[in-house]
Every structure is written in structure tokens, then in C-alpha cells.
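Undergrad:
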Amino acid sequence: MKLSRRRFLQSAAAGAMLGPTVFNHALVARSLAAIGNRYLVVVCLDGGNDGVNTVTPITDGSAGLRQAYDAQRFDGNGGLNLPVGSLLPIGADPNSGAELGFHPALKALHNLYDQKGSVAVVQGVGYPDYDLSHEVSMGIWESGNPSGAGLSGGWIGRHLEQGYGPSDIPAVGVEWSLPGDLRQSVTSVLTIKRLQWFGFPYDWEEWQDVAAKRTAFEGLYAQAAGTGLASFDFAGTTGAATLVASEAYPALHDDYEADRSEMSARYGAIDRDLADDFREVAKMIHGVERGVPNVGARYFRLSQGGYDTHAQQGGQDVEGRHGYLLKELADSLEAFYEDLEDMGAASRVLTVVFSEFSRRILQNGNGSDHGSQGPMLLIGGAVKGGIYGNHPNIDPAALNPDGNTPYSQDPADSFRSVDLRDVYGSTLKQWAGMAHGDILSHVLALDSGPSGEYWTTENFDLDLFVP
Amino acid sequence: MGDENTILDENGVRHVLRRTGFGAPPKELAKVLRKAGKTPTRGSVADVLLNFKARAFRPRGDYLYRAHNKWVAKMQKPKSALQSKLAVFWHGYFATQSSVVGELRFLSTQIGLLHEYARGNFKDFVKAINRDPAMMLMLDTPRNKKHALNENYARELQEIFTLGVKDLHGQPNYTQSDVVNIARCFTGWTYDWKRGTPEFDDWQHDYEADFPDRGPKLLFQSTGGFGSAGRNPAEQGEGEDEIDHVTDILFEHTDSQGHNTVARQLTQRLMSFFCHDAFEAPGAAEIAVIDEVIATSGFVGAWDLTRLLRALFTHDCFFETSSAAPYGTTTRKAVKSPIDFFLTTLRLTGVKLRTADARVFGGSYDSAYGHLSQMGQVLMEPPSVFGWDGGTSWLSSSALMARFRFARDLTASREGGGFRPEKLVDFGLSDPEEILDAVLDVLGIPDQVTEAERQIYIGYLTDDGASPVLDLHEDDTKVRGLTCLIIQSPAFQHH
């Protein structure tokens, strides 16, 4: 049975009962973290990003891709068709040889792709028996667990459980609520939307009472962490880590603004939420790089909402709903990359961009409905830029009855899909230093079922990184 | 095993008020005790609470935060806390975002519907939602036209509002073809922008004869218990009534075990909301309880929500979260939602939201909108069509920090309408144990605190024994600080 997002979060919370929950405040990294001096940033495009209008065929190649695209994406008022001339070329589809291009709103990402060679486009990423429900599909991408095998928590969370203890804070979501990929039950994962607001709120008019309040607060949350009742344990661990972080993290904002005000203004000029979120990640990396005590986060999670473009999606216009979002994404990624370059960290930070599904090829009125597999993006100084995986076969005759491109693991199929677990596994193995066998026993589960239709053989060796 | 005749003591009634409303302020408790008979029972208390006038309340405003704050302010002193709480439940159930709808007046009309149908007939409720302009805008109904189907509403109607993707045994409840055919039935529906009323545009409707390649609008040929013939909502006549036929068919749908799918799905959602998280992912034991509540209520066929809620509020499962501290691995507790936490705290401490901005006058001087958005629950702007996740997702560090900040703001507020501990606690008390008991009483959790936690509070009050006797008239710092700590404590985040 597949897990819905609610159920998956629930099982992660229940899993908390199994983990050790004694919290100790000495923030000594356990050093089992094989990610070393690198960082992993995961960005979720929430709502289902239209993949075929992110990476779009310019020519037919051997698969008639452009022709099929033109037949299903219309010109004119409300049309989603991206004219050939507007696309930003990125090279040829490995399978069909068709020339491909980015949506014109991805200009800034194209700069990174073209000039720095630091963007990998992994096409046709999906999972078997794809689900068209946002909730179910997001649960699968976040858990990395399409078959519903007995794994609780998120794919990054399960990885963190193997390398960190309760007193570490290895991961921070720049979010209001804890994202599913980071869920786990062993270590402390925080959400911090804005560092500058993260100081612990004492009544400073009664400053002489603050120390007593802190002691009591710390005691109450330590008590809760040992209750054995899942949500009390969760509250206890999170509250205790929050207190510690509240005394270390807010200063990162001030340090960054003092040291890097020019870069800060660069994000500010983009004037969009996602850019501000990336700036928070930069502030934390800046802190870790400078060895600030009690600051050791190396995994980050952000999200950008609004991709559920059933209607008024817009075509090439960067002011259209989809173009507007993609521009925000690309501009933010570019500013972040330049910031990291300037910090000397660009080759040690990997940003992975995913969405819970793509969208139907055949447009509806002026939008598009839920689809199946779509492209992922990996960005970083150590990323081997280029196109990976095959463009899905969008020929109307080849689509499933629901109008979506089929998922396939058949080696003989020239449109074979990439399974999301291959991307996750390659990232964990090659970037986060997790052993192949540990990934298979703790993080990602192989499917049972016919090998052509399910993920029965792992490929964690996607050649995505510069050695 | 208890039932509707089980007698409730005062703590029991308090529990019912906490879970069906926002805390149990002394005045409300007294009122319910007065009305529920000499020996209140689960049934008599439920009847008192469910006997509210289901009037519409429509929070209006030019801007989201205005309408939002009006709604929150209304709930601070509602005619019926249960009606308010049910409206919040339905708002999460038929989740609609003002940012998607655009027109606040439409959303405010929808909020009115949620109040009106709060304990009404569920099938009529769904039929009203089908025609609600805010919902149409949320899920693209007006863009669903005969030549260009838009599946958005058809999918969510099944997935969220009625059936669920899978039944309680993991079997699918519908297929993609059901999504498409229901979308066809909904073609042509739109709304009048000026009047904000639903309209049917016959010209945009998919008539079977016009689309022979699409075939008849057959539903549920492989699920639903209708046999391989399935059902066709167009059989009883095509056109604007089709969406009602669709709804009728959805309510007849049975799951892989032959149970009514809508009843089970809705009851599961209600129990996750009013009881605890185990009902989010029900095992065999929880499924049995869900079925028991449905059977007792006679909900199937009648679709009367009052009956379903009464069966729920009188069942043992509703009282599982009432146990006293200390807790263990088998204890059931639920995390308070931000709305719950915020309103309960205000109502119990007697702090009033001031001005049109519904501000808390202390600390950050933030408004209800500011506090709740940082805690992760802005009304009229749920995160998605799925509403709020609930449970431990409310307890992320950023959300916890917002709760801590609110507790600080509230207990530091000394200005007009602010926190007046001298009105709640006898300032003549000097014994720390008695002061602690008094504050725990005010906050309604005297039985929810362990001995170890008591020692921590006493340590705080006495500065670890340095000042074993307090003079609150002289200095109210400690009673304010204690109130703040209790509101920030793990126990107070639960109910």
C-alpha cells in the first residue's frame, strides 16, 4: 500500500518511539557524517512542475518530439506552446538526438548550464505505478519509498539516522513546517524560516529572571523527551534542540549581513520568497564555514509553491504563471551559486531540485493536468553538467490511456525512465558518502515485481559528479 | 466500556469542552453543567453542545488579514464553541485558499456555508460545495469545458471530499477513468461574478451524443460495489442535474469490504480531528471503532452530521485523550492546532484581542494573523487543498518558536485588556505549591502535570529554594513567568 503524505508523516512520528531520545546538549558532531565538508540542498517545486515546458524539444530527433509537442501544446491565446526561437538550447537528448532547450524564463539557470557547466538535467525521473494525487505523490518523493516498504521517515531523514545523534542538528528546513524528506527519529532536525527571528523569546524587561526561565524550560523539554509517547518525545527533542539553536543561529544573520552585504542585496533585488530562503541557507553555510560553535547543519530543504498550473499557466511569457515561478527559481539558484563561489564553497554544495510530478502533455483549456515523470535538476560546482536520462516519449500514440508518458525500467526500451531512487542513491553514495550496501539496507528499498516495470536493480552510479 | 448513559464528572465535562471547543473557561463550564441535567452524561452533554443554531457567519474584509482576524475574534467569544470548531474542521476539509480564489467575498460566503452546514446533512453539504463559487475558483470548475476537460475538481471531489484514494484496506476507490467521467459531468458549471452565484452554461456541457468517442459517462466499473456495469449519472437526464447524480452515486459507493466509503472516510477524518492521530493511519482496532461509531449513529443513508457527531462524542474513543499524567507509550494525546492553542490560551487567561488588527498588547505586539501565520495556521489560506497536516507537523521548531513567542507576548502584556494575573490568581497566596496549583487551574491542566514537572516549576518559583515564600502583591514577575512557562510546556501543546 502506498503511503499518503499524512500517513507517512504519521508513521514517522510513530517511529520516534523506537529511537533513542535522551538529549544531551554537548553539540559534538559524531563525525560519522561522511558528507565531510560538503552540503546538500534540496528544493521542492510544490504542485507539480510542468516538465515538458521546463526542458522542451526544439527539434524532432528520431522520436518526432517537437512535432508531438506542437500537436499537443497550442499556440495563441492561452496556449502553452513555447516557440522554438524562444528556447534556450542545452544540447541533444541522449536517446533521440532531439535538440532540447530550457524555458525562456530559465535564463539565469541557462547561464550556469552554459557558462559554468554546473547543471545536470536528469530527464524522465519517476517511479512505478505513478500516482496523480499531489498528496500521495509528494509522500512518495519525500519518503523515497514508492512501494510502501516498511521504511519510516524521509529519504534524507533515514540517511541522517545513520550518521548523527540526538544532540546534533545536521539538517535545517527553511520552512514553516518540517518537510517530509527530513523526517526521522534519531537526530534533531530544525525548521528555521528566518534566522534573525530565531532568538529565544524571553521577557527581557524581567532580565533578572531569564536564567531561571531557561533552566525550567530546559528541564520541562528534557522530561518530555523521555515520556515514551511519540508526540511528547518529538516535542521534547525538538524543543531542546530549538533552545540550543536559538542561542547560536540568530547571530549567523548578523554575521552574514556584516560580512556579505553586497551579496545579500543581490538576493534582495530578486525580491521573491525563494531568493530570501536561499539567502538563509547561505547564512548558515557561511556560519559553518567559519566554524561558529554549535552550528553544523549540512543538509537543507526549501520549497517553492504555486506549480499546480491547471489553468492560466502561460506560455513563453515570463510574466505568465509558470514563467514567473521558473524565473524566480533560476534567479535564486544563480544568486546562490555566485554567493557560494565567492565563499569558496560552490564545489562543495549540491542543490537538487524536484517536483512531485510533471504535467499532462496535452494541454487543457489554458493549463495542464497532473502528469507522470519529469526532469530533476542538480546544480553545483562539482556537478558534471549535461543531460542525463531520456526525454519521455510524448508521441500521442505512445501515451498511457490517461494521457501520460509510461514509466519503464526495461533496458530494451529506448525511452527507459530514471527511477527517483537512482538519483537519491547516487547522491547519497557519491555526494553524502554513504556506503552502497547501507543505502540499500537503511534508505532505499528495491521493488518486487516484473523487472521491466519496477525498480528491481539499482543504479547508484549515475556519473553526475566531477571526481 | 462506556456509552451515552455514562455519567461525566466535572473533569469529564471539561475534557468534552476542551475537545469540542477552545478550552473550558469557568463560565462556559458552569453553563453546560446547568443545562446538562442533575447528573450529566456523555449523551446529555453532547445534546447540549450540538443544540446550537446553525447560523452562517461570514468573515468579511478588504484584505485577508482583516477577514482572518474577524473570524478569530469571533471565535474568542462564540455563541457556540462547537460550531466554531466544526467550521474550522470543515475549512480544513473543504480547504480553499484566498490566494487562489482571489475574491474574498466569495470565500467569506463559503465560510458561511461551513457554519450553516456544520452539523447538517452531509450529502446536501457536498452538493452545496459543488456549486460554491469559491470552490469553483479553487479547483478550476469554470475552466472545465466540453472541449477541454479540467480534472482538478473531479479528482479532489473523490480524493478528499468523499471517497479517498484508497479505502481502509489499501484498495483503490476509483480509477483515472472515473476522474475523467466525473469531470465531464461537471462541464458547463461556472459562476456569476457580480452576484457570486453558481450558473450552468449549457453550451459548455459535455453531452454524450456530441462525443461518441468518449463513450457514456460510466463510473465505477471496477470499484464501488456497482458491478461491472458501473453507474451512469447521465442516465437520469443529462445537463445541470448531473453533478447531483454524481454526488448521489458517490454516497452509494462501497469499499472493498462492502462498507459505505463516504461514511468511513469522513468518520476517519472527524476522529483524527476530535480524538487522536492513531486514526490517521487506522489499524484493525481503529477500523473497528470507526465502524462502531458509524453503526451507532445511523449516519449511512440519513447523512445527518448531528447524529454522527453525537455517536462520536459519546464513544469511548473520544475520551481516550483524557487520561491524567504521567503518560506512557500507550497513552493517547493529540497536539493542539495553532488555532486551538491560541484561542484556548486567550480564553483561559482572559486576554482580549485589541483593535481591528486583533493585536496582543505585549512583547512583539503582533496581531492574531501574525501569531497564527508563524505557528503555521492562517485561516482562509490553508497550505493546499489538503488542508493542514496536523499532529507533530504543528511542532516544528519554527512553529514551536512562534508558540513560545506568543506565550511571552501574552504574559508580558500589561496594557489595557492585557494579562491581569491578579484577577485570576489569589495574590494573597505565598506558598509556591499553592501558587502553582492556582495557575495550573487557570490554564485547565491540573491533572496533566507530572511530579517531576511540578518540581521544575517549584524550582523556578523559589529560585531553587532561595526564596521559599513569595509576595505576589510586591512582585508579580514569578506568576507571569510561571504562566508563560506552562503555556510553553510540552503538556500544554497537547490535549
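Respectively, the protein sequence lines represent chains H and R. When the first sequence is numbered by this note's numbering, its final residue is 498 and no position is left out of the sequence of numbers. When the second sequence is numbered by this note's numbering, its final residue is 1022 and no position is left out of the sequence of numbers. C-beta atoms are modelled at their ideal positions from N, C-alpha and C, and glycine is treated no differently.
1) Between the Cα of F446 (chain H) and the Cα atoms of H:L221, H:N431, H:P427 and H:G420, which residue gives the shortest distance?
2) Would you say V692 (chain R) faces chain H, with C-beta separation under 8 Å as the test?
3) According to DSSP, simplified to helix, strand and coil, what is E206 (chain H)?
4) Does T269 (chain H) have its Cβ less than 8 Å from a Cβ in chain R?
5) In three-state DSSP terms, what is R881 (chain R)?
6) Name, in chain order, the residues that DSSP records as bridge partners for V449 (chain H).
7) Could you tell me the distance, in whole angstroms, from the CA atom of D651 (chain R) to the CA atom of A256 (chain H)?
8) Three-state secondary structure (DSSP) at L831 (chain R)?
9) Would you list the one or two residues that DSSP bridges to V72 (chain H)?
10) Taking L690 (chain R) as the reference, give the member of R:D659, R:E643 and R:V789 with the closest Cα.
11) Return the chain-ordered list of same chain residues with a C-beta closer than 6 Å to the C-beta of S378 (chain H), the five sequence neighbours on each side being excluded.
12) Is there a C-beta anywhere in chain H that falls below 8 Å from the one on F888 (chain R)?
13) With 8 Å as the limit, tell me which residues of the region 241-266 of chain H have their beta carbon closer than that to any beta carbon of chain R; keep them in chain order.
14) When you compare only the Cα positions, how much space is there between S292 (chain H) and D285 (chain H)?
15) How many angstroms separate the CA atom of V380 (chain H) from the CA atom of L209 (chain H)?
16) CB-CB under 7 Å to Q227 (chain H), same chain, minus the five flanking residues each way: which ones, in chain order?
17) Run through chain H and tell me which residues come within less than 8 Å of K860 (chain R), C-beta to C-beta.
18) Measuring only the C-alpha atoms, how far is G742 (chain R) from E735 (chain R)?
19) Between H:L221, H:L475 and H:Y355, which has its C-alpha nearest A562 (chain H)'s C-alpha?
20) Quick one: which residues of the region 194-225 of chain H get their C-beta closer than 8 Å to a C-beta of chain R? List them in chain order.
21) One question on the structure: do D290 (chain H) and Y298 (chain H) come within less than 8 Å of each other, judged by their Cβ atoms?
22) Provide the residue(s) that pair with A851 (chain R) in DSSP beta bridges, ordered along the chain.
23) Give me the Cβ distance between P88 (chain H) and A129 (chain H), rounded to the nearest whole Å; I'm assuming they're in contact under 8 Å.
24) Give, in chain order, every residue of the region 364-379 of chain H whose Cβ lies closer than 9 Å to some Cβ of chain R.
25) Please report how far the alpha carbon of L1009 (chain R) lies from the alpha carbon of P232 (chain H), in whole angstroms.
26) Would you call the CB atoms of R189 (chain H) and Q154 (chain H) closer than 8 Å?
27) Near K672 (chain R), what residues of its chain come up, given a Cβ to Cβ distance below 7 Å and the 5 sequence neighbours on each side ignored?
28) Kindly list the residues whose CB is nearer than 7 Å to the CB of G148 (chain H), restricted to its own chain and excluding five residues on each side of it in sequence; keep chain order.
29) I want to verify the contact list: residues of chain H whose CB lies under 7 Å from the CB of K1017 (chain R), in sequence order.
30) Using a Cβ-Cβ cutoff of less than 7 Å, which residues in the same chain neighbour D469 (chain H) once the five nearest sequence positions on both sides are dropped?
31) Under 8 Å, do E813 (chain R) and G918 (chain R) count as touching if we go by C-beta distance?
32) Listed in chain order, which residues of the region 748-763 of chain R have Cβ atoms closer than 9 Å to some Cβ of chain H?
33) In chain H, which residues lie with their C-beta within 8 Å of the C-beta of D667 (chain R)?
34) Under the assumption that P586 (chain R) contacts K601 (chain R) (Cβ atoms under 8 Å), give the Cβ distance between them as a whole number of angstroms.
35) How far does the alpha helix (DSSP H) with D818 (chain R) in it extend, from its first residue to its last?
36) Counting only Cβ pairs nearer than 7 Å, list the residues of chain R close to T273 (chain H).
TA: Once the coordinates are examined:
1) With distances taken between Cα atoms, F446 (chain H) lies closest to H:G420.
2) Cβ-Cβ to chain H under 8 Å: yes for V692 (chain R).
3) E206 (chain H): coil per DSSP, three-state reduction.
4) For T269 (chain H), the answer is yes, since a Cβ of chain R falls inside 8 Å of its Cβ.
5) It is a strand residue.
6) Residue pairing by DSSP places V449 (chain H) opposite H:V156 in a beta bridge.
7) Counting only the Cα atoms, A256 (chain H) lies some 46 Å from D651 (chain R).
8) A small fix is needed here, since residue 831 (chain R) is Asp in this sequence, not Leu. Strand, per DSSP.
9) Its beta-bridge partners are H:F331 and H:T382.
10) Measuring from the Cα of L690 (chain R), the nearest candidate turns out to be R:V789.
11) Closer than 6 Å at the Cβ level, and outside the excluded window around S378 (chain H), lie G412 and A413.
12) No, no contact with chain H.
13) Only A243, K244, T246, A247, F248, G250, L251, Y252, Q254, A255, T258, G259, L260, A261, S262, F263, F265 and A266 from the region 241-266 of chain H bring a Cβ to less than 8 Å from some Cβ of chain R.
14) Going by the C-alpha atoms only, they are around 10 Å apart.
15) Between the C-alpha atoms of V380 (chain H) and L209 (chain H) there is a straight-line separation of about 22 Å.
16) Within the same chain, Q227 (chain H) has close Cβ partners P281 and H284.
17) Within chain H, the residues placing a beta-carbon under 8 Å from that of K860 (chain R) are L260, S262 and F263, ordered along the chain.
18) Distance between the alpha carbons of G742 (chain R) and E735 (chain R) is about 7 Å.
19) Examination of residue 562 (chain H) is not possible in this model, given that chain H is present from 32 through 498 alone.
20) Of all residues in the region 194-225 of chain H, G204, E206, W207, S208, L209, L221, T222, I223 and K224 have a Cβ within less than 8 Å of some Cβ in chain R.
21) Cβ atoms of D290 (chain H) and Y298 (chain H): not closer than 8 Å.
22) Beta-bridge pairing by DSSP links A851 (chain R) to no other residue.
23) Rounded to the nearest angstrom, the Cβ distance from P88 (chain H) to A129 (chain H) is 5 Å, consistent with a contact under 8 Å.
24) Among the residues of the region 364-379 of chain H, none has a Cβ less than 9 Å away from any Cβ of chain R.
25) So the two alpha carbons sit approximately 15 Å from each other.
26) The answer is no: Cβ separation not under 8 Å.
27) Excluding five sequence positions before and after K672 (chain R), the CB atoms of its chain that fall closer than 7 Å to its own CB belong to T714 and Q731, given in chain order.
28) Its chain contains G416 as the residues whose beta carbon lies nearer than 7 Å to that of G148 (chain H), once the 5 sequence neighbours on both sides are disregarded; these appear in chain order.
29) Sequence check: residue 1017 (chain R) is Pro here, not Lys. Per Cβ cutoff of 7 Å: L251, Y252, A255, F263, A266, G267 and G270.
30) Answer for D469 (chain H): Q193, listed in chain order.
31) No. Outside cutoff.
32) Those would be none; no residue qualifies.
33) Residues of chain H with a Cβ closer than 8 Å to the Cβ of D667 (chain R) are, in chain order, H341, A342 and G398.
34) Contact flag correct, Cβ pair sits at about 7 Å.
35) Looking at the DSSP string, the run of the alpha helix (DSSP H) that includes D818 (chain R) is A811 to S824.
36) What T273 (chain H) touches in chain R: S924, L927 and M928.
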